[in-house]
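Engineer:
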Amino acid sequence: MIAELDWLKKWSQYAPKTTAVVDGDTGREFTYRELYDISQKGADLLSTKFHISRGDRVAIISTNELEYIFLLFATKRLGAILVPINFRLTQREVEHIVSDCGPKIILFQDAYAEIINQLPASIKPQPYSMEQWTADLGTLTKKSHYAEGVKIREFVSEPDDATMIIYTSGTTGAPKGAILSHAMLFWNSINTSLRLNISQTDATVIFLPFFHTGGLNVLTTPFFHRGAKLIFIKKFDGNQILNLSESHKATILFGVPTTMDMMARSEIFKKVDLSTLRYAIVGGEPMPVDLIHKWHDKGIAIRQGYGLTEFGPNVFSLNQEDAIRKIGSIGFANFYSEAKIVDDNGNELGAEQIGELVLKGPMCMTGYWKNEKATQETIKNGWLHTGDLVKKDSEGYFYVVGRKKDMYKSGGENVYPTELEQVMRHLPGVREVAVVGVPDPKWGEVGKAFIVKESASTDLTIETINDYCAKNLAKFKIPKYFVFVHDLPKGDSGKILKRKLLELYPN
Numbered sequence: 081m082i083a084e085l086d087w088l089k090k091w092s093q094y095a096p097k098t099t100a101v102v103d104g105d106t107g108r109e110f111t112y113r114e115l116y117d118i119s120q121k122g123a124d125l126l127s128t129k130f131h132i133s134r135g136d137r138v139a140i141i142s143t144n145e146l147e148y149i150f151l152l153f154a155t156k157r158l159g160a161i162l163v164p165i166n167f168r169l170t171q172r173e174v175e176h177i178v179s180d181c182g183p184k185i186i187l188f189q190d191a192y193a194e195i196i197n198q199l200p201a202s203i204k205p206q207p208y209s210m211e212q213w214t215a216d217l218g219t220l221t222k223k224s225h226y227a228e229g230v231k232i233r234e235f236v237s238e239p240d241d242a243t244m245i246i247y248t249s250g251t252t253g254a255p256k257g258a259i260l261s262h263a264m265l266f267w268n269s270i271n272t273s274l275r276l277n278i279s280q281t282d283a284t285v286i287f288l289p290f291f292h293t294g295g296l297n298v299l300t301t302p303f304f305h306r307g308a309k310l311i312f313i314k315k316f317d318g319n320q321i322l323n324l325s326e327s328h329k330a331t332i333l334f335g336v337p338t339t340m341d342m343m344a345r346s347e348i349f350k351k352v353d354l355s356t357l358r359y360a361i362v363g364g365e366p367m368p369v370d371l372i373h374k375w376h377d378k379g380i381a382i383r384q385g386y387g388l389t390e391f392g393p394n395v396f397s398l399n400q401e402d403a404i405r406k407i408g409s410i411g412f413a414n415f416y417s418e419a420k421i422v423d424d425n426g427n428e429l430g431a432e433q434i435g436e437l438v439l440k441g442p443m444c445m446t447g448y449w450k451n452e453k454a455t456q457e458t459i460k461n462g463w464l465h466t467g468d469l470v471k472k473d474s475e476g477y478f479y480v481v482g483r484k485k486d487m488y489k490s491g492g493e494n495v496y497p498t499e500l501e502q503v504m505r506h507l508p509g510v511r512e513v514a515v516v517g518v519p520d521p522k523w524g525e526v527g528k529a530f531i532v533k534e535s536a537s538t539d540l541t542i543e544t545i546n547d548y549c550a551k552n553l554a555k556f557k558i559p560k561y562f563v564f565v566h567d568l569p570k571g572d573s574g575k576i577l578k579r580k581l582l583e584l585y586p587n
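Position in the sequence shown (from 1) plus 80 gives the number in my numbering.
1. Return yes when the Cβ of ALA308 is within less than 8 Å of the Cβ of SER34, no when it is not.
2. Are the region 432-444 and the region 389-404 in contact at 8 Å, needing three or more beta carbon pairs?
3. From TYR416 to ILE531, what does the alpha carbon distance come to, in whole angstroms?
4. Give the range of the alpha helix (DSSP H) segment to which TYR112 is assigned.
5. Using only the alpha-carbon positions, how far apart do ASN546 and GLU109 sit?
6. Just the Cα atoms here: how many angstroms apart are ASP103 and VAL503?
7. DSSP three-state label for PHE316, please.
8. If you draw a straight line from the C-alpha of GLN400 to the C-alpha of ARG275, how long is it?
9. For TRP449, name the three-state secondary structure that DSSP assigns.
10. Have a look at LYS551 and VAL526 and give me their C-alpha separation to the nearest angstrom.
11. According to the Cβ coordinates, are VAL138 and ILE185 closer than 8 Å?
12. In whole angstroms, what separates the C-alpha of GLN93 from that of SER325?
13. Can you grab the Cα-Cα spacing for the pair THR221 / HIS262, in whole Å?
14. Determine, using beta-carbon pairs with one atom in the region 332-351 and one in the region 372-380, whether at least three such pairs fall under 8 Å.
15. Quick check on DSSP: helix, strand or coil for GLN280?
16. Near GLU175, what residues of its chain come up, given a Cβ to Cβ distance below 8 Å and the 5 sequence neighbours on each side ignored?
17. Within the same chain, show all residues whose beta-carbon is closer than 7 Å to that of ASP53, passing over the 5 residues directly before and after it, in chain order.
18. Buried or exposed: where does MET81 fall if 16 or more other Cβ atoms within 10 Å of its Cβ makes it buried?
19. Just verifying my parser: in three-state terms, what is the DSSP assignment at ILE161?
20. THR99 bridges to which residues according to DSSP?
21. Keeping to the same chain, check which residues put their C-beta closer than 6 Å to that of THR252; ignore five residues upstream and five downstream.
22. What number of angstroms, rounded off, separates the C-alpha of LYS453 from the C-alpha of TYR548?
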């Protein structure tokens, strides 16, 4: 039994005047006491106005707003389940999520009102605009009196109760709703705090969208658990993140290689003071060594990590002193989690053998919402099967080789695109690269590499790349096709969308 889930109540007592959240776009900020009071008022509003109670789903489609955080803690207090919806989805995709989870109400910004209006009557929840939610909370006019006259509502959730349903990106079909419990977020916070040494004095800028587990759970919920300071912005802006990190004396920065590269290319990168940053944590994919050096030259260590919505999401972390020596490694599994590498028959593999990463621990999701088949396919005998292919070296450091579904066979040999991409990234003039397997009449499948040049004027040719690959890769691994593109399509977390590449460049 976890003794305390009501984190805001504790911090409103321990550090009532400490700043909890800051709106990086407007400058609004609230202390832990104010945030606790707002959560009480929000819970009272949801209960009295919409009869929200334990187990009810509350959906939201909105950019990163402080009112989003107010809703998060109001639903937690009532034992309700928050369902963040990607605001970039189409009408059809939103309808799938709403139909699947059956929310009682849906909060929305005016920009997405048309999507809500067009929901079929048979699945349409009670609409509630973010503007009305803000007005009902009174956060614009009565900053120090949120809880006056509001019924105090005790925190009713139990550890195993669901607190969020986060829908996966749907790269293998229709999006599935991963059920995250209070216990899962608690243990993710414990793991994160232990590996990253998070304390009440920490501060960070959050720019990933809240509908993504990276926005809500990589640092946001662990920081709230530790009574630390969070600065939120609506979207990625390299200059803004750098400036806010300087002005708020941020201590940790989270990003993916794409965002870290964009910040390093900023005209203010060299002059901005980031001396308070202990390190930057990076996920999504391996960070190129030259980019690591750029940040190290700035005095900021890089900690590569790994995670996924269904487990954690903070699962692995590489100590900063190993950033160069173990380039490409995700390090070791975090506290209170087990990891092993298995073959298709479930047999554990040894050093330098490639297999699927499976995980076990209290930060595992409960399952997929109303999808027992997918749950049983993913969680077997208590182990969550990630679908990621990994290996570990003789020292026990783990490396992500690729997705099971990304691997292809060329002439009967397994080819892992991640290895090819890492090799080509070291070639001067290559900014980004993605490799996918495509059908071939002779070899079954061959590689097709999509390459973004460092600049339009870069003296880089297909012959140069092919020669470089011939010196660094076995012949069967060398892509048959090389295509120069202006940009690589990316998802909300910054990951490259390989399926989209084939749609954009079918020939």
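Here a beta-carbon is modelled for each residue, glycine too, at the ideal position from N, C-alpha and C.
Structural biologist: Straight from the coordinates:
1. In the structure as shown, the chain starts at 81 and stops at 587, and residue 34 therefore has no counterpart that could be examined.
2. yes
3. Looking up residue 416 in the sequence shown gives position 336. Looking up residue 531 in the sequence shown gives position 451. If I take the Cα positions, the gap works out to 40 Å.
4. Locating residue 112 in the sequence shown gives position 32, counting from the first residue. It spans 112-130 - the alpha helix (DSSP H) in which TYR112 sits, taken as one unbroken run.
5. Reading the sequence shown from its first residue, position 466 is the one you call residue 546. Reading the sequence shown from its first residue, position 29 is the one you call residue 109. Computed Cα separation, rounded: 53 Å.
6. The sequence position of residue 103 within the sequence shown is 23, counting from 1. The sequence position of residue 503 within the sequence shown is 423, counting from 1. About 40 Å.
7. Working through the sequence shown from its first residue, we reach residue 316 at position 236. The answer is coil: DSSP assigns PHE316 none of H, G, I, E or B.
8. Reading the sequence shown from its first residue, position 320 is the one you call residue 400. Reading the sequence shown from its first residue, position 195 is the one you call residue 275. Whole-angstrom Cα-Cα distance: 11 Å.
9. Position 369 of the sequence shown, counted from the first residue, corresponds to residue 449. It is coil, neither helix nor strand.
10. By 1-based counting over the sequence shown, the position of residue 551 is 471. By 1-based counting over the sequence shown, the position of residue 526 is 446. Cα to Cα, LYS551 sits roughly 18 Å from VAL526.
11. The residue given as residue 138 occupies position 58 in the sequence shown. The residue given as residue 185 occupies position 105 in the sequence shown. Closer than 8 Å, so yes.
12. If you number the sequence shown from 1, residue 93 lands on position 13. If you number the sequence shown from 1, residue 325 lands on position 245. Answer to the nearest angstrom: the Cα atoms are 27 Å apart.
13. On the sequence shown, position 141 is the one that residue 221 refers to. On the sequence shown, position 182 is the one that residue 262 refers to. Annotation note: pLDDT 45 at THR221 (below 50); position unreliable, no value reported.
14. yes
15. Position 200 of the sequence shown holds residue 280. Coil, per DSSP.
16. Taking the first residue of the sequence shown as 1, we reach residue 175 at position 95. Cβ neighbours of GLU175 beyond the five flanking positions: LEU199, PRO200, ILE203.
17. As shown, the chain starts at 81 and ends at 587. That puts residue 53 outside it, with no answer to give.
18. Indexing the sequence shown from 1 puts residue 81 at position 1. Confidence at MET81 is low in this model, with a pLDDT of 42, below 50, so its placement is unreliable and the value that follows should be read with caution. Burial call: exposed.
19. Indexing the sequence shown from 1 puts residue 161 at position 81. ILE161 falls in the strand class under three-state DSSP.
20. In the sequence shown, counting from the first residue as 1, residue 99 sits at position 19. Bridge partners of THR99: THR111.
21. Position 172 of the sequence shown, counted from the start, is the residue given in the question as residue 252. Confidence is the limiting factor: at THR252 the pLDDT is only 48, short of 50, which leaves the residue's position unreliable and the question unanswerable from this model.
22. As a working mapping, residue 453 is identified with position 373 in the sequence shown. As a working mapping, residue 548 is identified with position 468 in the sequence shown. Cα to Cα, LYS453 sits roughly 45 Å from TYR548.
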